[in-house]
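Protein chains in written order, with our numbering: chain H, 1 to 483; chain L, 1 to 444.
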């Protein structure tokens, strides 16, 4: 707004013609002119280019943000998604004119179904949490249809992502939390005593948020199924097990897949993503409308699904995101996806093994178990002995060009730092990260003030987040000015 | 690297997976492809599509064809924005944070509301969240909606409302004008009603004329007024904040994003006043300072509403949103500016009028069906032509034209009616061509 000068305009989608505002009934007219910036195209471009220079992405450096799978996104995926043959397609076009995209959506569904071992996929959900809500509503549709609508409890481990309990609650269910055992896994006995005739299902990720594979998953699945409940797989950690194990074989009934994590569609500063959901045959009838079908010669959208749970959004899904994931799968092929998981797991274990030996850090829960694609380091010793917290370690990492891990999650680890290097970092980069962690430990024990005052090398220094939340200083738009 | 961990093979890292679960067979997927092969494979499929640049399309109905300024695609494909995650680390995310703060400000200006979040998935999920928010705020469990609502939006609303016992009650629209039947609305507004959700312009393209009566009825009953908007129209229409809306939702795709076969989209969400702000779903960006007080800076605000802090007590489960499309929207509004958006609306009004004038001359055609002021979309009634919309659209397609959305299935009581959309992408010649081909089709 500071750059505004009256009369300037950045882009004309079409040249101005005769003003037609007189067509608008008087009382429906906007009376005050919009207070929008009046700037030229180059000023807009420079403004946003400058902003982009104050933003960190995978294209700029290492991004080991746990649970977020910030792997490199191949550029060919974006290049193909820039075709007008996808960008300028309207979702209600006659099906004869959109056979290409329907084929891509159908084949992408088929690939995803095979990777997780499920029978049928919906591409409708726009994100992981949206997929979770779809999944919980599928459980609900299933129970309602099978005479068990009195069920109202969803079991969630204490290490679960916040979206799991939030999604269950949105569907009107009570959340029953079960604790993790000494190995960092879901306590089987706790599940046994939590299930009953009120159990809707269990929501869990495997490997779990500690990066540990839930090896008792089959027994846990048995307990939940015996009680009449369903098993929901949170696909946030799917990058650990592609080609290695399928959620279906672990006993899961419903799976969501984060295309913006495992399948490398870029995350765009918070979105868009996509959260397709796969189910076994007994839940297939309840999937949202429409599904993409193929009759052997043509592709079509099937709206005639009488048992469907309904819809979770308009149209068919985030086609442009699915297209990118489709290209990613083609580029990897059957062998490449497995290799991606293997390298992701190798990188995580290499790093975990080095980091746990550095003074001040530890690897809580089952130190001898291999981790999967991520691990949770604790800085509790460092915090106790030097006063340098996980948050400060994270902020200091910024000075070394490393995006901090996810901190203070999962909640069951003190001073948690959840690290997920992904398969697209080299050994050199892993060593760079390890050295950065080591240096911070040394600084902490040498009583340097560097960690506490960090970051120093970023566009802004440590931000006062509390100020943004205090009613007196809160400013959420240009208009709500500070006092 | 394996040596460093004390292992001999990568396989050992997966031995904690019980053997009965471990996959023995390879994934039944295609073999690895080179980048060139993958490109050919995908382009071969894409070539089977006829885009709205290949054919002349008059579809709108929730996703609308507009010109997307080239500067937007140039910026949003920059890796710094494109490959960044949710800005949990504000010190290295000032770019997207400031852009989203500007987006919130621009949406508030467009709608004349106090606060906006930094995006939801699409209009329909934003409407679903608004319904739940209205219920949280009022403690009442009924939501009223207009009967001629986008059918898919209504289906989504049901998914968001039904499990927590929110009852959806349809309000009639006048058969002659398409306008809300205010007496029916008043009958249905009671102490049980959390509020009324209306669309502006409506699904049928009608711009509601009785907004002031509706507003006073809704507020007299103690409910909230929730308004769903198509945002471009607000360049010239009275903004919802001006006529008393409590929550505004809408579809942000027209603000600089491509149609992309219906996704990703951009859910707009704005509200009035501090009490509602605390109940708002989704991420909100605030302006603050660095701890030393020297620099202005941006960070996420009011996170205690969100799932990663509040878990099952959060206002919503949303995490990943549509930030990149919000960035596109703020660029779009900045590029057009106050004059550009009025010019654009003028052109849309012109095309809408030109189309009505041309099409209503056709024998048996009522265009528009409703006697009302329309913006960008209107319904064409083919009942008196003796032809079905599906037949007409089939014949139009043979001539390279994608006709409007067939409303005879979702709303059989409207007869053989179709919803047509006209924007700046349509020239007078395009509309002449439509009229011409329609005449041929109808006379055949």
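Just so you know, even glycine gets a beta-carbon here, dropped at the ideal spot from N, CA and C.
Computed from a prediction, not measured in an experiment: that's the story for all the values here.
Per-residue burial, residue i [other beta carbons within 10 Å of its own, 16 or more giving buried]
i: residue 456 of chain H; result: exposed
i: residue 208 of chain H; result: buried
i: residue 18 of chain H; result: exposed
i: residue 150 of chain H; result: exposed
i: residue 42 of chain H; result: exposed
i: residue 340 of chain H; result: buried
i: residue 311 of chain H; result: buried
i: residue 303 of chain H; result: exposed
i: residue 32 of chain H; result: exposed
i: residue 444 of chain L; result: exposed
i: residue 317 of chain L; result: buried
i: residue 427 of chain L; result: exposed
i: residue 275 of chain L; result: exposed
i: residue 440 of chain L; result: exposed
i: residue 221 of chain H; result: buried
Sequence-distant residues of its chain with Cβ nearer than 7 Å to residue i (five each side left out)
i: residue 335 of chain L; result: 69 and 71
i: residue 451 of chain H; result: 388, 392, 393, 396, 440, 443 and 444
i: residue 188 of chain L; result: 144, 169 and 171
i: residue 212 of chain L; result: 243
i: residue 437 of chain L; result: 396, 399 and 401
DSSP three-state assignment for residue i, whether helix, strand or coil
i: residue 314 of chain H; result: coil
i: residue 315 of chain L; result: coil
i: residue 404 of chain H; result: coil
i: residue 91 of chain H; result: coil
i: residue 483 of chain H; result: With a pLDDT of 38 at residue 483 of chain H, under the threshold of 50, the modelled position of that residue is not reliable, and no figure is offered here.
i: residue 98 of chain L; result: helix
i: residue 34 of chain H; result: coil
i: residue 234 of chain H; result: strand
i: residue 214 of chain L; result: helix
i: residue 145 of chain L; result: strand
i: residue 408 of chain L; result: coil
i: residue 307 of chain L; result: helix
i: residue 122 of chain H; result: strand
i: residue 127 of chain L; result: helix
Close-in-space but distant-in-sequence residues of the same chain around residue i (CB under 6 Å, 5 per side omitted)
i: residue 477 of chain H; result: none
i: residue 260 of chain H; result: 267 and 273
i: residue 414 of chain L; result: 407
i: residue 179 of chain H; result: 158, 187 and 190
i: residue 300 of chain H; result: 95 and 293
Residue nearest to residue i in terms of C-alpha spacing, selected from the options
i: residue 308 of chain H; options: L:158, L:107, L:111 and L:195; result: L:158
i: residue 282 of chain H; options: H:59, H:392 and H:143; result: H:143
i: residue 198 of chain H; options: H:423, H:227, H:185 and H:242; result: H:227
i: residue 430 of chain H; options: H:63, H:16, H:116 and H:1; result: H:63
i: residue 294 of chain L; options: H:251, H:460, H:378 and H:181; result: H:460
i: residue 96 of chain H; options: L:423, L:408 and L:393; result: L:393
i: residue 423 of chain H; options: H:350, H:380 and H:233; result: H:350
i: residue 245 of chain L; options: L:140, L:390, L:113 and L:63; result: L:113
i: residue 106 of chain L; options: H:76, H:34 and H:70; result: H:34
i: residue 27 of chain L; options: H:118, H:319 and H:31; result: H:118
i: residue 104 of chain H; options: L:126, L:58, L:141 and L:39; result: L:39
i: residue 479 of chain L; options: H:94, H:65, H:141 and H:98; result: Chain L is shown only over 1 to 444; residue 479 of chain L falls outside these bounds and no answer can be derived.
i: residue 294 of chain H; options: H:67, H:69, H:29 and H:110; result: H:110
i: residue 262 of chain L; options: H:229, H:248, H:316 and H:1; result: H:316
i: residue 195 of chain L; options: L:174, L:219, L:202 and L:178; result: L:219
Own chain partners of residue i with C-beta closer than 8 Å, once the 5 adjacent residues on each side are dropped
i: residue 326 of chain L; result: 99, 100, 103, 118, 119, 252 and 266
i: residue 299 of chain L; result: 87, 90, 97, 285, 286 and 288
Is the segment 48–57 of chain L touching the segment 341–348 of chain H in the sense that three or more CB pairs, one from each, lie closer than 8 Å? In short, these stretches do not touch, since the Cβ pair count stays below three.
Does the structure place the segment 316–333 of chain L close enough to the segment 2–10 of chain L that three or more beta carbon pairs sit under 8 Å? When C-beta atoms of the segment 2–10 of chain L are compared with those of the segment 316–333 of chain L, fewer than three pairs fall below 8 Å, so the two segments do not count as touching.
With contact counted as at least three CB pairs below 8 Å, one residue from each stretch, are the segment 363–377 of chain H and the segment 208–223 of chain H in contact? Three or more Cβ pairs drawn from the segment 363–377 of chain H and the segment 208–223 of chain H lie within less than 8 Å of each other, which places the two stretches in contact.
Taking 8 Å as the threshold, find out whether the segment 2–22 of chain H comes into contact with the segment 344–354 of chain L through three or more Cβ pairs. Three or more pairs of CB atoms, one per stretch, sit closer than 8 Å, so the segment 2–22 of chain H contacts the segment 344–354 of chain L.
Measuring CB atoms only, is the segment 111–128 of chain H touching the segment 281–295 of chain H, in the sense that at least three cross pairs come out at less than 8 Å? Contact holds: three or more Cβ-Cβ distances are below 8 Å.
Three Cβ pairs or more, each shorter than 8 Å: is that satisfied between the segment 222–230 of chain L and the segment 48–56 of chain H? Not touching, per the Cβ criterion.
For the segment 80–96 of chain H and the segment 271–290 of chain L, state whether three or more C-beta atom pairs, one from each stretch, are separated by less than 8 Å. When Cβ pairs closer than 8 Å are counted between the two stretches, the segment 80–96 of chain H is seen not to touch the segment 271–290 of chain L, the count staying below three.
Determine, using beta-carbon pairs with one atom in the segment 355–373 of chain H and one in the segment 315–333 of chain H, whether at least three such pairs fall under 8 Å. In short, these stretches do not touch, since the Cβ pair count stays below three.
Is the segment 218–237 of chain H in contact with the segment 397–413 of chain H, if contact means three or more CB pairs nearer than 8 Å? Too few Cβ pairs lie closer than 8 Å, so no.
So, do the segment 328–344 of chain L and the segment 164–181 of chain H have three or more beta carbon pairs nearer to each other than 8 Å? Too few Cβ pairs lie closer than 8 Å, so no.
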